[in-house]
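Student:
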């Protein structure tokens with residue numbers, strides 16, 4: 144396979160899409176809603192072993208989000224998330240966003 148030639152792309156903003164009166168984003172101090180539901184089987188969490196104690200292992204395991212957004216099953220009225228339980232069953236969580 145050959146190398147692709149380099150090309151220069153000049154990125155220019157579209158002035159028709161810019162709002163000259165835009166005053167910036169505002170930080171909302173409203174609390175986020177927290178939903179809690181007891182599960183019969185707890186969520187499966189990955190744990191380090193005795194030989195996995197380095198910084199890379201700690202960062203790897205701390206970056207894992209056990210709740211995954213399912214964009215294929217979600218639509219305009221519902222947002223669906225999936226997590227894996229300790230017995231390796233999938234748990235589907237559906238939020239009605241209306």
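In the working numbering, the protein residues as written are 144 to 241. We put the CB at the ideal spot given by N, CA and C, even for glycine. This one's a predicted model, so the numbers in the text were calculated from it and none came from an experiment.
Which one or two residues does DSSP pair with residue 222 in a beta bridge?
Tutor: 238, per the DSSP bridge assignment.
Student: Alpha carbons only, please: which of 203, 187 and 212 is nearest the one belonging to residue 235?
Tutor: Among 203, 187 and 212, the Cα nearest to that of residue 235 is on 212.
Student: Please state whether DSSP places residue 201 in a helix, a strand or coil.
Tutor: Of the three classes helix, strand and coil, the one that applies to residue 201 here is helix, per DSSP.
Student: Leaving aside the five residues before and after residue 231 along the sequence, list all residues of the same chain whose C-beta is less than 8 Å from its C-beta, in chain order.
Tutor: Contacts found: 187.
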